[in-house]
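Numbering (our numbering), first residue to last: 560 to 1384.
Where a beta carbon is used, it is the ideal one built from N, C-alpha and C, also for glycine.
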RNA sequence: GCCGGUGUAGCCGAACUGGUAUAGGCGCGCGCCUCAAAAGCGCGUGGGCGCAAGCCCGUGUGGGUUCGAGUCCCACCACCGGCACCA
């Protein structure tokens, strides 16, 4: 008896069945071909939103596809459960951040199950659980031992709203990445991870990530910002030791007419002291400090500086050049000191013009001349060295190399690299994070907590409100006051917690051994599953999570805990789901709620809608009508699929009739569909896969409408349709699979393989062009000979009409699809 | 300024290595079914000219290579994104 499509009922039934059977659990050690499919674990901020639906739909289709293709698939999900929103919600509502977090985790998990995701829940974990975060502390200690975790006083980004410091990666255009508040600069003593020690490897190994987009690699390269050049030593008249500068253009050394220190440079203090200008320097520094990061980096603002009174000696020609302090030189980049070559650097030129400093051209352009006095635009193009002693006449093509070699031989400098990336600031002045496992003892200073005392657990009794002075943990005095692991004397705990990106920097290993109580993970288990075969997630983590995780992976390799230099060689960045071009949010009123979609149309229709919307990496702007769009597009199609199945159930019983041409044609389409849909899955082209399946269903309806009724063909079509659709719409396919009485679960079936023989076309459409324009199309056998093609083309009435009387000057034949006739030239 | 990406019907989007541009969907139109409507099913749907056969134009713009260009090359334009006083 035919039934109506009732997604609510069937989805509930199979969701429960899969959970009961633990249908998606993966073995500790894969025994066959493994496939580690991972999606960036979510922050449990509340209900599931469309962003989750999109990435889960993509990820799950990939995981299920490979599962059917015979891979042993691991597809885990955990929760990135530490973070500010939990604290803010807790402060607002007077509940513990843990309560809020676990409530949200429960909601998110049940929505993920409702969506039909094939996650192995036996491996799930939450990062706020001490059994997880103790391994953050363990990792911190290992980095500490290797000199990769250290504390220093430095200018750091402070978000006045969130009342915590932020890593550079979390500051976008001078604003807090999270709350968009302009950040302030503060000088604080904070904990850092020495990611700069891995900067070269982080750039070089990008090439190993074959499955990364150009865009993503570019984002990371820009962020790391490696540049090649030379370090050059300048002597100062007043000080004994040399000052080193970094330059990418050592070939312009002879054009250096002054020398500049960053305002914060400690040498500036000394030099101004010697020359009695300390007061001026202090005033200047105060002026610079007043500027926000945004102001200071504005290229529009005129450059300002102060002469220190001191002189430096240019090592290449012995010239005396004045030493200035200027706001355009940054303490954080290079060495905090530069040689200024105004003729060939725009910034130096602007400064030279503002303070009447000399300009000297030392690179003559290949065409034309420059006048030192008149130039308003620095020349940084190619040319020939002039006024540069014995180097005169050297061309840009090898000038840098030759000058650098010479500097090295003279002991005046050396080849060098400089990076834009700074060390990763991991301290946070917040409660809901991993405590940094360090105590401070009066006698022994900074002392790491021994491994056997881990975890350092978060105290429960705390005033969560941030003070703006330090972490809320300061208020937990009983927790703060402890004993020194070295001497047993009184000591105080570090009260800052770790950046939550520490959690996500290695969590993908924890999924491979989630219950280990003696190690973060057993390297043997990790080696068996790593690397991640396919990672999915948003591009917004390009220079945050994705750079930190690559760094930690390399440290783990150095610790012999891992083998793969890159943890995620294949990464798919799904686009954003927006409405009206804006991020969906409750406050904007442009939210399409997955819960509503589940209720009205079911999970399958929702998943298909997301997958059908376009290529996964492309942003998708949800139509203004909202959830109803599903009811116009994928839900009616699923009903059509459902009806096709219901209407043909009884064909099973009918005997085999002799096949007609229409049967063979449809069967051919079935097998062709297997071929193209398989390719579509392989390249994540879900929208075209769905389009192909729609065509197949259309053909099935047309076939029946035209009197086609061969039971074998129809059954083959439906069976194949269900298999090909299963990874994207797991519920309806499972239900119909069972209603047809096919063996087992549809998701345990091997992926269909096309019968090449049956899929092969017997005829094809041959196009005849005359002078590049299509003039006729002729049906030909696929194995048509070139001669036949030529003859058919020349015999064609339509072609003759365009050819005129003459014979074609050229005939190009590309069997079996094309004949191109060229009349003359 | 440097770097990366995108631009195709009314809309979302197809088109692998150059070979019938616009698959599939939405929308729209027509038909079947129906007392009628909805649903469903079927057909049509880039623009222009033409009774028709057919012809011309058409993938952001302008050139080029080629028998043939959405696809390759050059120069632009627009939009999106990253870096940017980085020496």
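Return yes when the Cβ of residue 1258 is within less than 8 Å of the Cβ of residue 1225, no when it is not.
Contact flag set, yes.
So if DSSP puts residue 943 in a beta bridge, which residue, or which two residues, is it bridged to?
Partner(s): 923, 954.
Going by the CB atoms, is the gap between residue 937 and residue 903 shorter than 8 Å?
A contact, by the Cβ cut-off of 8 Å.
Please state whether DSSP places residue 1128 in a helix, a strand or coil.
Coil at residue 1128, not helix or strand.
Which residue wins for smallest C-alpha separation from residue 1170, given the options 1085, 1284, 1266?
Of the candidates 1085, 1284, 1266, the one whose C-alpha sits nearest the C-alpha of residue 1170 is 1284.
Per DSSP, what kind of secondary structure is residue 1212 in: helix, strand or coil?
With a pLDDT of 49 at residue 1212, under the threshold of 50, the modelled position of that residue is not reliable, and no figure is offered here.
Where does the unbroken beta strand (DSSP E) through residue 973 begin, and where does it stop?
Looking at the DSSP string, the run of the beta strand (DSSP E) that includes residue 973 is 972-977.
So, under 8 Å CB-CB, residue 696 and residue 1015 are touching, yes? Tell me the CB distance rounded to an integer number of Å.
About 6 Å; that satisfies the 8 Å criterion.
Using C-beta distances below 6 Å, list every residue in its chain close to residue 1212, excluding the 5 sequence neighbours before and after it, in chain order.
Note on residue 1212: pLDDT 49, under 50, position unreliable in the model; no value is reported.
Report the three-state DSSP secondary structure of residue 735 (helix, strand or coil).
Three-state DSSP puts residue 735 in a strand.
How is the beta strand (DSSP E) around residue 1460 delimited, first residue to last?
The first residue shown for the chain is 560 and the last is 1384, placing residue 1460 beyond what the model contains.
Could you please give the first and the last residue of the uninterrupted alpha helix (DSSP H) stretch that includes residue 1295?
Taken as a continuous stretch (DSSP letters only), the alpha helix (DSSP H) holding residue 1295 covers 1289-1298.
Can you name the start and end residues of the alpha helix (DSSP H) that residue 1188 belongs to?
Element bounds for residue 1188: 1187-1191.
Considering only residues of the same chain and omitting the five flanking positions on each side of residue 958, which have a CB-CB separation below 6 Å?
Once the five neighbours on either side are set aside, the close Cβ partners of residue 958 are 810, 944.
Beta-carbon separation of residue 1234 and residue 1318 under 8 Å?
Contact flag set, yes.
Give the secondary structure of residue 873 by DSSP, where H, G and I count as helix, E and B as strand, and everything else as coil.
Reduced to three states, the DSSP call for residue 873 is coil.
Whole beta strand (DSSP E) runs in the segment 756-788 with 3 or more residues, listed along the chain?
Fully enclosed beta strand (DSSP E) runs of 3 or longer: not present.
So what does DSSP say about residue 1379, is it helix, strand or coil?
It is a strand residue.
Among 1012, 575, 691, which one has its Cα closest to the Cα of residue 1073?
Minimum Cα distance to residue 1073 is reached at 691.
For residue 1039 versus residue 1052, is the C-beta distance shorter than 8 Å?
Cβ atoms of residue 1039 and residue 1052: closer than 8 Å.
Below 8 Å, can you find three or more Cβ-Cβ pairs linking the segment 867-882 to the segment 824-841?
The segment 867-882, when compared against the segment 824-841, does touch it at the 8 Å Cβ threshold.
Taking its Cβ as the centre, do 16 or more other Cβ atoms sit within 10 Å of residue 967, making it buried, or is it exposed?
Exposed, since its Cβ has fewer than 16 Cβ neighbours within 10 Å.
Curious, which full-length alpha helix (DSSP H) runs of at least 4 residues does the segment 608-636 contain?
If we require 4 residues or more, the alpha helix (DSSP H) runs fully inside the segment 608-636 come out as 609-627.
Measure the alpha-carbon distance for residue 711 versus residue 702 and round it to whole angstroms.
So the alpha carbons of these two residues sit roughly 15 Å apart.
Can you check which of these residues, 1296, 1304, 1269, is closest to residue 1201 by C-alpha distance?
When each option's Cα is compared against that of residue 1201, the closest is 1296.
What is the rounded straight-line gap between the Cα of residue 823 and the Cα of residue 708?
Distance between the alpha carbons of residue 823 and residue 708 is about 24 Å.
For residue 1093, does the count of other Cβ atoms within 10 angstroms reach 16, so buried, or fall short, so exposed?
Flag for residue 1093 reads buried.
Residue 699 by DSSP, collapsed to three states: which one?
Here residue 699 sits in helix by DSSP.
Leaving out the 5 sequence neighbours to the left and right, which residues in its chain are closer than 7 Å to residue 684 when beta-carbon positions are compared?
Correct list, in chain order: 637, 691, 1069, 1073.
So within the segment 1311-1381, which uninterrupted alpha helix (DSSP H) runs reach at least 4 residues, ignoring any that extend past its ends?
Listed in chain order, they are 1315-1318, 1345-1354, 1356-1362.
Among 1078, 1254, 1054, which one has its Cα closest to the Cα of residue 1065?
Ranking 1078, 1254, 1054 by Cα distance to residue 1065 puts 1078 first.
Ordered along the chain, which non-local residues of its own chain (more than five positions away) have a Cβ less than 7 Å from that of residue 645?
Within the same chain, residue 645 has close Cβ partners 656, 659, 660, 991.
Closer than 7 Å by C-beta to residue 507: which residues in its own chain qualify, once you throw out the five before and the five after it? Chain order, please.
This structure leaves residue 507 out entirely; the chain is present only between 560 and 1384.
Would you please state the rounded distance, in angstroms, between the beta carbons of residue 1362 and residue 1382? I believe it to be under 8 Å.
Sure, about 7 Å apart at Cβ, within 8 Å.
For residue 843, which residues from the same chain have a beta carbon less than 7 Å from its beta carbon, with the 5 sequence-adjacent residues on both sides left out?
Excluding residues within five positions, the ones whose Cβ falls inside 7 Å are 822, 865, 884.
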